[in-house]
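Notes follow the structure.
There are 8 protein chains.
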Amino acid sequence: MDLKSILEKLERGEIRADEAQRLISSASIANLSHTRIDLDRRARTGAGEVIFGAGKTPGQICEISKKLLECGEDVLATRLSDDAISEVLREFPQAKVSEIARLAVIRSGEKAKALSESKIAVVSAGTSDMRVAEEARLTAEFFGSSTRTFYDCGVAGLHRLTSVIDEIRECRVVVAVAGMEGALASVVAGLVKVPVIAVPTSVGYGASFGGLAALLAMMNSCANGVSVVNIDNGFGAGYNAHIINTL
Amino acid sequence: MDLKSILEKLERGEIRADEAQRLISSASIANLSHTRIDLDRRARTGAGEVIFGAGKTPGQICEISKKLLECGEDVLATRLSDDAISEVLREFPQAKVSEIARLAVIRSGEKAKALSESKIAVVSAGTSDMRVAEEARLTAEFFGSSTRTFYDCGVAGLHRLTSVIDEIRECRVVVAVAGMEGALASVVAGLVKVPVIAVPTSVGYGASFGGLAALLAMMNSCANGVSVVNIDNGFGAGYNAHIINTL
Amino acid sequence: MDLKSILEKLERGEIRADEAQRLISSASIANLSHTRIDLDRRARTGAGEVIFGAGKTPGQICEISKKLLECGEDVLATRLSDDAISEVLREFPQAKVSEIARLAVIRSGEKAKALSESKIAVVSAGTSDMRVAEEARLTAEFFGSSTRTFYDCGVAGLHRLTSVIDEIRECRVVVAVAGMEGALASVVAGLVKVPVIAVPTSVGYGASFGGLAALLAMMNSCANGVSVVNIDNGFGAGYNAHIINTL
Amino acid sequence: MDLKSILEKLERGEIRADEAQRLISSASIANLSHTRIDLDRRARTGAGEVIFGAGKTPGQICEISKKLLECGEDVLATRLSDDAISEVLREFPQAKVSEIARLAVIRSGEKAKALSESKIAVVSAGTSDMRVAEEARLTAEFFGSSTRTFYDCGVAGLHRLTSVIDEIRECRVVVAVAGMEGALASVVAGLVKVPVIAVPTSVGYGASFGGLAALLAMMNSCANGVSVVNIDNGFGAGYNAHIINTL
Amino acid sequence: MDLKSILEKLERGEIRADEAQRLISSASIANLSHTRIDLDRRARTGAGEVIFGAGKTPGQICEISKKLLECGEDVLATRLSDDAISEVLREFPQAKVSEIARLAVIRSGEKAKALSESKIAVVSAGTSDMRVAEEARLTAEFFGSSTRTFYDCGVAGLHRLTSVIDEIRECRVVVAVAGMEGALASVVAGLVKVPVIAVPTSVGYGASFGGLAALLAMMNSCANGVSVVNIDNGFGAGYNAHIINTL
Amino acid sequence: MDLKSILEKLERGEIRADEAQRLISSASIANLSHTRIDLDRRARTGAGEVIFGAGKTPGQICEISKKLLECGEDVLATRLSDDAISEVLREFPQAKVSEIARLAVIRSGEKAKALSESKIAVVSAGTSDMRVAEEARLTAEFFGSSTRTFYDCGVAGLHRLTSVIDEIRECRVVVAVAGMEGALASVVAGLVKVPVIAVPTSVGYGASFGGLAALLAMMNSCANGVSVVNIDNGFGAGYNAHIINTL
Amino acid sequence: MDLKSILEKLERGEIRADEAQRLISSASIANLSHTRIDLDRRARTGAGEVIFGAGKTPGQICEISKKLLECGEDVLATRLSDDAISEVLREFPQAKVSEIARLAVIRSGEKAKALSESKIAVVSAGTSDMRVAEEARLTAEFFGSSTRTFYDCGVAGLHRLTSVIDEIRECRVVVAVAGMEGALASVVAGLVKVPVIAVPTSVGYGASFGGLAALLAMMNSCANGVSVVNIDNGFGAGYNAHIINTL
Amino acid sequence: MDLKSILEKLERGEIRADEAQRLISSASIANLSHTRIDLDRRARTGAGEVIFGAGKTPGQICEISKKLLECGEDVLATRLSDDAISEVLREFPQAKVSEIARLAVIRSGEKAKALSESKIAVVSAGTSDMRVAEEARLTAEFFGSSTRTFYDCGVAGLHRLTSVIDEIRECRVVVAVAGMEGALASVVAGLVKVPVIAVPTSVGYGASFGGLAALLAMMNSCANGVSVVNIDNGFGAGYNAHIINTL
């Protein structure tokens, strides 16, 4: 039953208010046996559902994509395996895929939205952090934010950062991506006025413990204005940066 | 020596009571060199031995299955590798296998038992948690409980949960399966009167540390009525739910 | 505004259904600036709010108690400091306090409810686990369950457990309280048909790491039918046992 | 040497540019032997230095405060011991102190700044999280943001949250403060369009491990739009919320 | 230079005592560039060097074996990869290999030594712990101890243990091998008079954390007489048991 | 009912064998409400119950002591608080107390047993490990073993160890007590033929994490013949050493 | 723009000093989209950039190498995959590769520099630690230090170490490489006057937790003069040793 | 027996060389029952024994000090409690005590040694790290190194560091002391040519976990030339810096 029918029934007194509410809840879910797509999410949070690809079969990912497109939602699918990328490209030839960021974008309409004027700076510490930084950049752009990238600006050579700091300062939010000791987040935050979303990565020798070292370091930043997302979670950083950028 | 012989010997005074007891203990074990099957378990705990497949060879799994079937026990074998599944199907064509839950059921008799009238609700947070949820569901059904499933009801879209909460409330126990931050367990427990068995899963980004994040979260639930089983342990949850359901 | 007024307004068309719902939500909360008491909890989960005393001032605890009593709810306050116990006894001379379990019970009416016929077995491993076991026992009794206690039955002397196992088997749920290696939970669960709620305690030498050793052990129980609550969380175990006992 | 003298010297060619730069750097530091106050911080990051009281003697705290006031900066000193609070009040009778949040504010001028029109919502899970929530609130207000508080809205009673969600939605940023399993952050983030700054607290039973459980849970939030600050770091949350609020 | 020459030189006053000592030290080492075999170890500790195969190439393993055999030492090589086993069998056709325990024994003489009269009991909790238990058994036998095995005696079915406890009591040392919660060590130690060497294994669901759960449990045993070796370290347990057995 | 009565009843056919067994089990327990003393322990494990003082009140400790003495058992009570020591000395003036090891010994008869001829070497790394080493020494002597102590022999000055190694080699077991990096255990084990019981202590700078560093180090000893007991568990080491010494 | 042009512009007053500085910063970076090579590093720290191969594609590694060679820098690339080694050898036939240490050296000029007179001692505990020890040795030699190696000198056979200690004492720095319990670092440091750089390796049984045991042990060394680098970080140790050696 | 007597006996053939060696070893130890002072340490490692005060009684500390002074060694005692400081001052009025660094220096002769010409830079991140930085400084000076201090130079205000970097560059070693995220070590190491000894401190909010965050960060430094000592181990850093400084 769609939303309109429910409301008419309510008006005609055929159902009561609480019954109506339950129906409305159900109406805003697209139920695919394995997945209940939250069709109300855009209204509630400002952005539709995104497909977290890890642990889902290529078939499930395509099914969910199809349903989202039917509902007029653009599709962003992250953490795609090689198989999932192939399947997505076969099913949706119009999909745009990033090999390095392991994600796919499938627009439901002809063209992407115009991007915001204000910009997000995506700053990364090392070349090896690039896959996470790209996930952040592409996520932010998917939702409609402009970005600028400043890659390989780790603190071992501070001038790599200071030589671009004025450009970073023109942005409205900073995403700081770093593995190893994650010091980039603190140093950047000490130099800018805007919020810094820090993303620890799993890059490093043994005692990085899969990114734990960088995560703890960023959590403990001595500079103000840093908040942290999960290890390697470029998506989360891009999303957070976007909603701040477009506040 | 079987139980009857032992008791007769005891009656005839050929053995003393303590000797008899030792013999009875031994008689309730089927010794397969690598494995001592506990044939007394059903009498003691209400349910026979189950085969935990991890770390056992396909050959060992089939041997144990065969012995259990000979003793009139139904077989539930979990955590099966692809090889083990093939071998089980070759040896026991009547076996019912779940690819997603990685388990096999082999009935010793013609038909499965009737299922309980009261139901277990198996609620999961995301599509990627499905393999664990299915292990819980199939385990509970193996032992004789009816179940209802509510998959992909994570708290990021609360109405996915609230739209089915009345149906969940009709069940006698809830199994709540969630990875990432595992908040589902707390939210469900705040809405129902029955026990909630929480199962953390290993689904998530880096700082889920293989399910540790969800495990700790569920342990620390601010809602009452939650108890927790091991990470990805759908079997344990299904078993616990079953014994509560049929109390 | 109380519930009745809200419903009348709704009937008279002075407010709409969604407004009514919001008002009803608010009406079921007693707002004490620092605390929002959930007056709907009994209807929803079968049991009223309980006061977790840790981190609250004696004054806050008494204020909340007073409000709960006014609403006709019995009071259970746990984790009380010496100061909080004194203050509670001064304010509510009828309160019953357990020094060892650090909790207080204040009945809103003349007498406690009748206790259930079926029983909960509270089994503990060592004398030093007693404060947690008593928290479990008194919690279960507060909510209306009968209990039996079997203290100091740790597995270092198995006959201390086996000599009472038949009495434990007559109970409908078992709470197993143990620090150190927490083996009690596995051993008991291998001997009974009913659910075992395991409570790790922080008792032990250095490498118990505040109860982590027992927690992990209980999580990994090789016996079926064990689920686990937080370290030293006698309250949670008592509550879980009670709702299972009275299903 | 003050900034003006340096620039004059440079103009007169008495010093070279690099020398000038070094002098300017030094000029923007107030050196108190134990502490180098960063007088340039407001220009660079939008906010002056704050005194982190932990590990400093009352004497050091007062000395730093005095110097900051001399430089025309307002003082915010956090994590104050009882001794430090007494000393601050003795030295600066005009200081405003929060006993619960353990902080002091000393204005350098007559009156506080006008507060922002847009608001920050400070939402907390339980009464025991109040000290951290208050640190966040007072920090945000110190820097010039308006706030609204919603305390004790933990997910064990969802209607405590949903009954105020519309008011929360009117705010521009949310600070979500929770101990135990920290689920509040995920649930709120699933219901709002604005950024959620999550603050884990050290409130909880043993396996919260001093706030680690909540920290990991918040890191792993299944809802989008959550970023996390350090355990019990109300200051960091308030600061982050403020800079987002006034972007 | 061999030992004899050194001593003669010393006698003839051609070298001084300290020089002699340095030469003796060197003489007791067989230096293979990658490896310095400790030829003095048997004299010092009662047993020759053993080859820990992990991280060594098949070539290195064979080279060390050859040198040991030349010096009249029997060879025990543990943790062998498939490649290493093949290479060892090609080079030393007389080698005895255990596929399950991943080790090889190569005797330097015709026949193995006579085994001790007193026995070591190797007790394991589950079938999946067998590879570690076998490593322990074969190690103990390599050094000259008799053994008896009691596999799959986990505490979920206590009678599997109690039915053999009298036979275990006849042994002089017990090796207790268990994964999951590792309770076997405590229960056995509560029933015997002899030392129990506990070996945690990496068998278990997620929260066993690779054997950490069992390790901590065994460390915290409430029964006296338990000491612990590394996770999956069957070799260490077998060695310890042997030296105790032959004291 | 005492053992004799039970056996007579059984002889007269007044009770059956299983009933008799249950009664015998109960008869071997002295039940003090808070504590069930295991009177069968000496028969089963070779040594009577010991009182672990942590978490017990002085009153409980004295009550248990009294009962043990009544049953003819000597008393060893460890981990005593100052209060407990005072109370014990008041109640049992004959008690022998070690302030540094925090334990008390109360003999039930006139004189202590003769000590074993073979000796236990108690070797410690630093002066600060002395309280644990003394707990080990006094425990071993309580049970009847002779000991020799070699304190402050840490590996930073190897000759402190090598100058006494010949005396250590005359002992039948070694207890090696060390905090910090715990290297003492490996070095000693590489020099002797007998078993080494390693005790990690909580002595050290921050990253010893309460003894975890030493515990892991000892677990990973590259020398053979080391097994490990809990952090600061001098008692456990002394007990283990004793049973090995008197095998 | 190169440095000369910038300085000329500054002289001619075409740019101001701060602009000049920004340009100079940029001029010292070779920007390859994915990587910003820090061309100023040698001037600042005494050594040029090194390529950390993990997480970089073979193509990126070759591109960076090429650019470094163009700028007259020698190339050291570590942590190379098999693919990366092949690609490097194809592109730079003059490269010198170590299969065991997984690194490549490509000289920009005809010949390597002369090596220092003073030496670095690289001491390792076991054969399995060799790949890390070789990374340290080759790194130190790349930068211009002479080295001596002492492999397989673990403390289980102290004379393997003491027989070479005089040669070690002739060196100016010691690199101590060890897995398992990492005791080598403490023992060496107690015998020499020079700094010891300790490198924990990931060699060991389960409870080495990927090198954590050795790392903590080395951190907690009871001997003075030890500092520690990351697990398996032979490069870091070699670099540190080199700068100390050539101070 | 003193060294001279031993050598004479050896000359006269009254003892053999190995006996002599054992006696020499013993002679280089001052045995105080609780402590074996290593009198050979200066000869072997270049520096005499230091007293680690934690876990020692004031009496033991004074006894050891007295013995060291008798042997002509200067005394450095660290980690002193208030009681120990009082006792030391009472016994040795000439002692120099640092309240903040918790250490005492007692010279055996009239005056301290001349300090080295080359200098150690002690750089700290925040005021709260001062007690550790002072321990490092005073330790280095005790052994004879000159120092310069640069306190409160954390990376949140980089110019606090860059304004003094030229002075730091004049030093021969850097000690970098930082809590929280410990980024100071990486940033300094990227700017200097000399070795950086990093000291993590336990300063920080909850998720610093007692200094673990800073320790891991420093271990994972992306800048070359950093090695790390234990948390809060100012002594170790000062010692390491000194031996490098005076190489």
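Protein sequences appear in the order of chains A, B, C, D, E, F, G and H. Each residue of the first sequence is one higher than the one before, counting from 1 in the working numbering. Each residue of the second sequence is one higher than the one before, counting from 248 in the working numbering. Each residue of the third sequence is one higher than the one before, counting from 495 in the working numbering. Each residue of the fourth sequence is one higher than the one before, counting from 742 in the working numbering. Each residue of the fifth sequence is one higher than the one before, counting from 989 in the working numbering. Each residue of the sixth sequence is one higher than the one before, counting from 1236 in the working numbering. Each residue of the seventh sequence is one higher than the one before, counting from 1483 in the working numbering. Each residue of the eighth sequence is one higher than the one before, counting from 1730 in the working numbering. Cβ atoms here follow ideal geometry from the backbone N, Cα and C, with glycine treated the same way. None of the values given here were measured: they were computed from a predicted structure.
Contact with chain F by residue i, beta-carbon distance below 7 Å
{"i": "D1895 (chain H)", "result": "no"}
{"i": "N1019 (chain E)", "result": "no"}
{"i": "S522 (chain C)", "result": "no"}
{"i": "T1135 (chain E)", "result": "no"}
6 Å Cβ shell around residue i - same chain, five flanking residues per side excluded
{"i": "G295 (chain B)", "result": "R288, R289 and E320"}
{"i": "A237 (chain A)", "result": "A136, V175, I197, V199 and V229"}
{"i": "S1363 (chain F)", "result": "V1438"}
Integer Cβ distance of residue i from residue j, believed to fall under 8 Å
{"i": "A1371 (chain F)", "j": "V1423 (chain F)", "result": "About 14 Å separates the two Cβ atoms, so there is no contact after all."}
{"i": "S333 (chain B)", "j": "T1150 (chain E)", "result": "Between T1150 (chain E) and S333 (chain B) the Cβ distance is about 38 Å, and since that is not below 8 Å, they are no contact."}
Rounded separation between residue i and residue j - CA only
{"i": "N467 (chain B)", "j": "D726 (chain C)", "result": "12 Å"}
{"i": "L1203 (chain E)", "j": "G1170 (chain E)", "result": "7 Å"}
{"i": "L751 (chain D)", "j": "A761 (chain D)", "result": "7 Å"}
{"i": "I805 (chain D)", "j": "N224 (chain A)", "result": "18 Å"}
{"i": "R596 (chain C)", "j": "V626 (chain C)", "result": "9 Å"}
{"i": "V1285 (chain F)", "j": "Y1474 (chain F)", "result": "11 Å"}
{"i": "M1859 (chain H)", "j": "T1975 (chain H)", "result": "24 Å"}
Same chain only: Cβ atoms within 7 Å of residue i, ignoring 5 sequence neighbours per side
{"i": "L810 (chain D)", "result": "V816, I847 and S849"}
{"i": "L780 (chain D)", "result": "S769, I770, A771 and C812"}
{"i": "A1243 (chain E)", "result": "Residue 1243 (chain E) lies beyond the stretch modelled for chain E, which goes from 989 to 1235, so this question has no answer here."}
Residue-chain proximity (residue i, chain E), Cβ-Cβ < 7 Å
{"i": "G302 (chain B)", "result": "yes"}
{"i": "P1685 (chain G)", "result": "Before going on, a small fix: residue 1685 (chain G) reads as Val here, not Pro. Yes, its Cβ sits closer than 7 Å to a Cβ of chain E."}
Chain D contact for residue i (CB, 7 Å cutoff)
{"i": "S227 (chain A)", "result": "yes"}
8 Å Cβ shell around residue i - same chain, five flanking residues per side excluded
{"i": "L1350 (chain F)", "result": "E1376, G1379, S1380 and S1381"}
Notebook entry, point to check: Using 8 Å as the Cβ pair cut-off and three pairs as the minimum, do the segment 871–889 of chain D and the segment 446–459 of chain B touch?
Noted result: no
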